[in-house]
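>
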Amino acid sequence: MARIFVTRKIPGSALSKLTSSGHEVLVSEFDRPITSEEFLEKAKGADALLTLLTDKIDGGVLDAIGPQLKIVSNYAVGFDNINMEDATKRGVLVTNTPSEVINESVSEFAWTLMLALAKRVVEADESTRRGAYKGWEPGTFLGVNMIGRTLGIIGLGRIGGMTARRAKGWNMRVLYYNRSRDEQVEKELGVEYTDIDKLYAESDFISVHLPLTNETRHMINEGAFNKMKKGIFIVNTARGPIIDEGDLVNAIREGKVGGAGLDVFDNEPNINPELIGMENVILTPHIASATLEAREEYGRLAVDAILDALSGKKPQNLVNEEIWLARKH
3 MARIFVTRKI PGSALSKLTS SGHEVLVSEF DRPITSEEFL EKAKGADALL
53 TLLTDKIDGG VLDAIGPQLK IVSNYAVGFD NINMEDATKR GVLVTNTPSE
103 VINESVSEFA WTLMLALAKR VVEADESTRR GAYKGWEPGT FLGVNMIGRT
153 LGIIGLGRIG GMTARRAKGW NMRVLYYNRS RDEQVEKELG VEYTDIDKLY
203 AESDFISVHL PLTNETRHMI NEGAFNKMKK GIFIVNTARG PIIDEGDLVN
253 AIREGKVGGA GLDVFDNEPN INPELIGMEN VILTPHIASA TLEAREEYGR
303 LAVDAILDAL SGKKPQNLVN EEIWLARKH
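Here the sequence shown stands for residues 3 to 331, numbered as in my numbering.
1) Which same chain residues, not among the five before or five after V283, have their C-beta less than 8 Å away from its C-beta?
2) Tell me where the alpha helix (DSSP H) around V124 begins and ends.
3) Assuming contact is defined by CB atoms lying nearer than 8 Å, are L20 and V305 in contact in what I supplied?
4) Kindly identify the DSSP beta-bridge partner or partners of A50.
5) Kindly indicate the opening and closing residues of the beta strand (DSSP E) around E26.
6) Since E125 contacts F143 with CB under 8 Å, what's their CB separation in whole angstroms?
7) Return the first residue and the last residue of the alpha helix (DSSP H) that L42 is part of.
8) Would a C-beta distance cut-off of 8 Å place S75 and A240 closer than the cut-off?
9) Since K229 and D199 are thought to touch, with beta carbons under 8 Å apart, how far apart are those beta carbons, to the nearest angstrom?
10) Who does V187 pair with in a DSSP beta bridge?
11) In three-state DSSP terms, what is A262?
12) Report the rounded CA-to-CA distance for G24 versus N105, giving the unit in angstroms.
13) State yes or no: is the C-beta of L212 within less than 8 Å of the C-beta of L177?
14) Give the list of continuous alpha helix (DSSP H) stretches no shorter than 4 residues that lie fully inside the stretch 129–174.
15) Report yes if the CB atom of T99 is closer than 8 Å to the CB atom of N319, and no otherwise.
16) For V27, tell me which candidate among I84, P13, E43, L52 has the shortest Cα-Cα distance.
17) Who pairs with S15 in a beta bridge, going by DSSP?
18) Shortest alpha-carbon distance to N180 belongs to which of E190, Y195, Q186, V63?
19) Could you check what DSSP says for T196 in three-state terms: helix, strand or coil?
20) Excluding five sequence neighbours on each side, which residues of the same chain lie with their C-beta closer than 7 Å to the C-beta of Y48?
21) Which same chain residues end up closer than 6 Å to R151 when comparing Cβ atoms and leaving out the 5 residues on each side of it in sequence?
22) Using the C-alpha atoms, what's the distance from S129 back to S182?
23) Using the C-alpha atoms, what's the distance from Y77 back to G14?
24) Closer than 8 Å by C-beta to W326: which residues in its own chain qualify, once you throw out the five before and the five after it? Chain order, please.
25) Taking the alpha carbon of T37 as the point to measure from, which residue in S22, A16, I59, S18 has its own alpha carbon closest?
26) Indicate the three-state DSSP secondary structure (helix, strand or coil) for F227 in the structure shown.
27) Could you tell me which residues DSSP pairs with L285 in its beta bridges?
28) Would you report the Cα separation of G80 and I155, rounded to the nearest angstrom?
29) Should K11 be labelled buried (16 or more other beta-carbon atoms within 10 Å of its own) or exposed?
30) Rank T97, E139, R92 by C-alpha distance to the C-alpha of N83 and give the top, closest one.
31) Could you check if T9 is buried or exposed, using at least 16 other CB atoms within 10 Å of its CB as the buried criterion?
32) When DSSP labels each residue in this structure, what does I245 get in the three-state scheme?
Structure below.
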């Protein structure tokens, strides 16, 4: 019987499968991110961890838990909360939870933000609720049409591709920037590969779908905003630190950026207070994947990975494949 620590209560039926597996399962009693002290107290001696993006895992944490730890199953598509080098060096498997269900949810939300910005939905809702609506006016909350506009997608992975596919319904021209070009995808989706400067200059909307790396951290900064078409709308459902929030505030103030929709932030859960006061900025609490279907899938994938690893099977969505390959030789 193995010992499994789950750092947060998660929605859906997955925990029932875990608790009925015959292993000792400890689930954090707190309905909030646990502190590092609480984490180490509960996780010490665990054979498996089910973690969230709010749980920082590095070499010190792994050593404190003990050499018996076999797997860290991250309840997220991203895994930048885990020091992969430290985990791999210690032979700890790391898995994440990508799936079409989750990707579709995030893509839908990117479009939700773009449409809400274009039509000024949040501003209009707030105005109506505080009693400002006195009857129809021809010049109230004028937005822009999506039809025929240019959408720039930064990062054409699974989610970026789904976002591009939805643009067909709006008859939009779609530009994309990626580390590598995929001509097959271009034909399938009707998108154009371009360099980042051209994407900035010609896009009316930008949707960010990049992973967070040393290269992408604060990639969208003052220099990038200066290259963008005046009045551009930008949404980020990927990782907060890709956008320099201070530079974004300045670009909005100066009218270079017409509006921003942010589901992720540079220093979560802290949000730049200047962004909070801007009417043409939509802020949401990292909920792009927050659908019943997506959360159920997150849980299923995370739990299955743990049970597979503990039974000696290769878990699905293994990030550090090199550990498994080394074991086979």
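Beta carbons are placed, not taken as given, at the ideal position from N, Cα and C, and that holds for glycine.
So, to answer that:
1) Here residue 283 refers to the residue found at position 281 of the sequence shown. Once the five neighbours on either side are set aside, the close Cβ partners of V283 are I254, G261, A262, G263, L264, L277.
2) Taking the first residue of the sequence shown as 1, we reach residue 124 at position 122. Note, V124: alpha helix (DSSP H), 123–131.
3) Position 18 of the sequence shown, counted from the start, is the residue given in the question as residue 20. Position 303 of the sequence shown, counted from the start, is the residue given in the question as residue 305. Going by C-beta atoms, L20 is nearer than 8 Å to V305.
4) Indexing the sequence shown from 1 puts residue 50 at position 48. The partner list for A50 (beta bridge, DSSP) reads I6, I73.
5) Walking along the sequence shown from the start, residue 26 turns up at place 24. It spans 26–29 - the beta strand (DSSP E) in which E26 sits, taken as one unbroken run.
6) Sequence index remark: in the sequence shown, residue 125 carries index 123 (1-based). Sequence index remark: in the sequence shown, residue 143 carries index 141 (1-based). That pair is a contact at about 6 Å.
7) On the sequence shown, residue 42 is found 40 positions in, with the first residue counted as 1. Segment 38–45, the alpha helix (DSSP H) holding L42.
8) Stepping through the sequence shown from its first residue, residue 75 is reached at position 73. Stepping through the sequence shown from its first residue, residue 240 is reached at position 238. Cβ atoms of S75 and A240: not closer than 8 Å.
9) Your numbering for residue 229 matches position 227 in the sequence shown. Your numbering for residue 199 matches position 197 in the sequence shown. Rounded, the Cβ-Cβ distance is 6 Å, consistent with contact.
10) Along the sequence shown, one-based indexing puts residue 187 at 185. Partner(s): none; V187 has no beta bridge.
11) Reading the sequence shown from its first residue, position 260 is the one you call residue 262. A262: strand per DSSP, three-state reduction.
12) Counted from its first residue, the sequence shown places residue 24 at position 22. Counted from its first residue, the sequence shown places residue 105 at position 103. Answer to the nearest angstrom: the Cα atoms are 32 Å apart.
13) Counted from its first residue, the sequence shown places residue 212 at position 210. Counted from its first residue, the sequence shown places residue 177 at position 175. Against a cut-off of 8 Å, the Cβ pair of L177 and L212 comes out as no contact.
14) 160–169
15) Counting from 1 along the sequence shown, the entry for residue 99 is found at position 97. Counting from 1 along the sequence shown, the entry for residue 319 is found at position 317. Going by C-beta atoms, T99 is nearer than 8 Å to N319.
16) Within the sequence shown, numbered from 1, the residue matching residue 27 stands at position 25. Looking at the Cα atoms, L52 is the closest of the given residues.
17) Within the sequence shown, the letter at position 13 stands for residue 15. Per DSSP, none; premise fails for S15.
18) The sequence position of residue 180 within the sequence shown is 178, counting from 1. Comparing Cα-Cα distances from N180 to each of E190, Y195, Q186, V63, the minimum goes to Y195.
19) The count along the sequence shown starts at 1 and reaches residue 196 at position 194. Coil at T196, not helix or strand.
20) As a first step, residue 48 is located in the sequence shown; it is residue number 46 there, counting from the start. It is worth fixing the name first, because residue 48 is Ala in this sequence and not Tyr. Closer than 7 Å at Cβ, skipping near neighbours: R5, I6, F7, I67, L71.
21) Residue 151 sits at position 149 when you count from the first residue of the sequence shown. Once the five neighbours on either side are set aside, the close Cβ partners of R151 are M174, D206.
22) What you label residue 182 is simply residue 180 of the sequence shown in a count that begins at 1. What you label residue 129 is simply residue 127 of the sequence shown in a count that begins at 1. Cα to Cα, S182 sits roughly 44 Å from S129.
23) Position 12 of the sequence shown, counting from 1, holds the residue named residue 14. Position 75 of the sequence shown, counting from 1, holds the residue named residue 77. Cα to Cα, the separation comes out at about 13 Å.
24) The residue you call residue 326 lines up with position 324 of the sequence shown. These residues qualify, in order along the chain: L95, K316, L320.
25) Looking up residue 37 in the sequence shown gives position 35. Checked all of S22, A16, I59, S18; the closest Cα to T37 is I59.
26) Translated into positions along the sequence shown, residue 227 becomes position 225. Note: F227 maps to helix in three-state DSSP.
27) Your numbering for residue 285 matches position 283 in the sequence shown. Paired residues: L264.
28) Working through the sequence shown from its first residue, we reach residue 80 at position 78. Working through the sequence shown from its first residue, we reach residue 155 at position 153. Those two C-alpha atoms are separated by around 19 Å.
29) The sequence position of residue 11 within the sequence shown is 9, counting from 1. Under this definition K11 is an exposed residue.
30) Counting from 1 along the sequence shown, the entry for residue 83 is found at position 81. Comparing Cα-Cα distances from N83 to each of T97, E139, R92, the minimum goes to T97.
31) Taking the sequence shown and counting its residues from 1, the one referred to as residue 9 is at position 7. By the neighbour-count rule (16 or more Cβ atoms within 10 Å), T9 is buried.
32) Here residue 245 refers to the residue found at position 243 of the sequence shown. The answer is strand: DSSP assigns I245 an E or B state.
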